[in-house]
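Count along the sequence shown starting at 1, add 2, and that's the number in my numbering. Virtual Cβ for every residue (Gly too), placed ideally from N, Cα, C. All values derive from a computational prediction rather than experimental measurement. One structure below.
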Amino acid sequence: MRLIDYNTEQYRDYARGRALSAGQLRVWLDAFAAVLPEKRPLAGVDVGSGTGRFTPALADAFGPVTGVEPAERMRAVAEAGARHPHVRYRAGSAEDLPLPDDSADYALMFLSWHHVTDKPTAARELARVVRPGGRLLLRANFRDHHPRPWWLAHFPGGYEVDAAIFEPLHEVIATFTGAGVGWRVAHFGTVTEPSVGTRAEMLERLRLRTFSFFGRLSAEEADAGLRSIERLVAEDPDAPSAEFTETLLTFELSSQE
Ligand SMILES: C[S@@+](CC[C@H](N)C(=O)[O-])C[C@H]1O[C@@H](n2cnc3c(N)ncnc32)[C@H](O)[C@@H]1O
C-alpha cells in the first residue's frame, strides 16, 4: 500500500478534518473504560498519537499518558495544543517505543496499526512496555469487518478500495497471539460514534482528504466522489451524516509467558 507520509501530508488539516465532538470523545472513552482495568490512575501510552486527538482526554479519564508519534509535524501540532500536566509527547513508533519495560497499564492504537510496517516487532515491543495483565486497545479496521460510512459509496470502488488498506481480523489476531509474548484476545466489540453533524459538514471534512483512503484514489476518482457528494448535499443540505459502526479489538497481556 502507498504509505501516507504524515510529515508532508495531512499534518496541517488532520486536527480539523478528523476533529471529535465532546459527545464522540465520550463514546470512545466509555468504550475504552469498559475494557480497561478498574483501578485509577492507569499509566497509558497512545501509540501513533498523531495530533493528540485522544491523548489529553485519556489523561483526564484514566491517568498519565505518553503520546508516541513518529511524524515530527503531527507531534508538533499535538505539542502546540493546550498543555496538560499528565500528558507528554515523544518521538517513536510501535516498533520502537521510548519507554521502559512494564511501564504502561494500557496502550491505545487508534487507527495507527495499519501504518505499522514491521508488525511482529511492534507486537513484541508493545508487550515489553505494557505490564503483565495490561491491555492493548486496537481501534483498527479489518478488511472482513469493514465499517460502511455512507460517503464511501460515492467514490469509484470506494468500499473495496478502503477495505483493502486493512488486514483481515484473523491476521491481526495471529500477529499478536503468534508473537509468543503472551497476548490473548480479551474482547472484540463495536462502537457507534455519534454523527459529525450534517452531510454538508462531512463533505467539508472530506475535502481536506485526511483519510488514508484518499492515498489510494487517483485525483480524478477523488474529484468524482466529492462531486457526487456535492450533488447529494445540494438536494438536502441539512440532512444528517449517518452514523456507522466501528470495531475495537482488545488484547490482554498474560502474566504467564
Ligand atoms: C490516522 S493517524 C491517527 C492518529 C491518532 N491516533 C488519531 O486517532 O487521531 C495515524 C498515525 O499513525 C502514525 N504512525 C505511522 N507509522 C507508525 C508506527 N510505525 N507506529 C506508530 N504510529 C505510526 C502516523 O504518523 C499518524 O500520526
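Out of Arg85, Gln26 and Tyr8, which one is the CA nearest neighbour of Val193? As a first step, residue 193 is located in the sequence shown; it is residue number 191 there, counting from the start. The option with the nearest alpha carbon to Val193 is Gln26.
Considering just the uninterrupted stretch of the beta strand (DSSP E) at Glu127, what are its terminal residues? The residue labelled residue 127 in the question sits at position 125 within the sequence shown. Element bounds for Glu127: not the beta strand (DSSP E) but the alpha helix (DSSP H), Lys121 to Val131.
ask   = Going by the beta-carbon positions, is the gap between Leu139 and Leu250 smaller than 8 angstroms?
value = Looking up residue 139 in the sequence shown gives position 137. Looking up residue 250 in the sequence shown gives position 248. In contact: Leu139 and Leu250 (Cβ atoms closer than 8 angstroms).
Which same chain residues, not among the five before or five after Pro2, have their C-beta less than 6 angstroms away from its C-beta?
Given that the chain is displayed from residue 3 to residue 259, the structure contains no residue 2 and the question cannot be resolved.
| query | If you draw a straight line from the alpha carbon of Gly136 to that of Val187, how long is it in whole angstroms? | reply | Start at 1 with the first residue of the sequence shown, and residue 136 comes out as number 134. Start at 1 with the first residue of the sequence shown, and residue 187 comes out as number 185. About 12 angstroms.
Residue burial classification, Arg229 (beta-carbon count within 10 angstroms, cutoff 16)
For the purposes of this step, residue 229 is taken as the residue at position 227 of the sequence shown. Per the 10 Å Cβ criterion, exposed.
Just to check, is the beta-carbon of Ala96 closer than 7 angstroms to a non-hydrogen atom of ligand 1? As a working note, residue 96 is residue 94 in the sequence shown. Ala96: yes, Cβ under 7 angstroms from ligand 1.
Original post:
Where do the N-terminal and C-terminal ends of the beta strand (DSSP E) with His189 fall, by residue?
Top reply: In the sequence shown, the residue the question calls residue 189 occupies position 187. Where His189 is concerned, the enclosing beta strand (DSSP E) stretches over Trp185 to Thr194.
Requested in this report: Determine which residues share a DSSP beta bridge with Glu248 and list them.
Outcome: Position 246 of the sequence shown, counting from 1, holds the residue named residue 248. Bridge partners of Glu248: Val193.
With respect to 7 angstroms, is the separation between the Cβ of Val118 and the closest non-hydrogen atom of ligand 1 below this value?
Translated into positions along the sequence shown, residue 118 becomes position 116. It does: the Cβ of Val118 is within 7 angstroms (strictly closer) of some heavy atom of ligand 1.
| request: Tell me whether Arg20 sits in a helix, a strand or coil according to DSSP, three-state version. | output: For the purposes of this step, residue 20 is taken as residue 18 along the sequence shown, with counting starting at 1. Here Arg20 sits in coil by DSSP.
- prompt: So Gly94 and Ala80 are in contact, right, with Cβ under 8 angstroms, and what is the actual spacing, rounded?
  reply: Indexing the sequence shown from 1 puts residue 94 at position 92. Indexing the sequence shown from 1 puts residue 80 at position 78. With 8 angstroms as the limit, Gly94 and Ala80 do not qualify as a contact, their Cβ atoms being about 13 angstroms apart.
### Task
Ignore the nearest five residues each way along the sequence and tell me which others in Ala45's own chain have a CB closer than 7 angstroms to its CB.
As a first step, residue 45 must be located in the sequence shown, where it is residue number 43. These residues qualify, in order along the chain: Gly65, Pro66, Ser105, Ala106 and Asp107.
### Opening and closing residue of the alpha helix (DSSP H) in which Ala226 lies
On the sequence shown, position 224 is the one that residue 226 refers to. That run of the alpha helix (DSSP H) goes Ala221 to Glu237.
Straight-line Cα distance separating Ala129 from Glu259: If you number the sequence shown from 1, residue 259 lands on position 257. If you number the sequence shown from 1, residue 129 lands on position 127. Any reading at Glu259 must be qualified, since the residue scores a pLDDT of 46, below 50, and its modelled position is unreliable; no value is offered.
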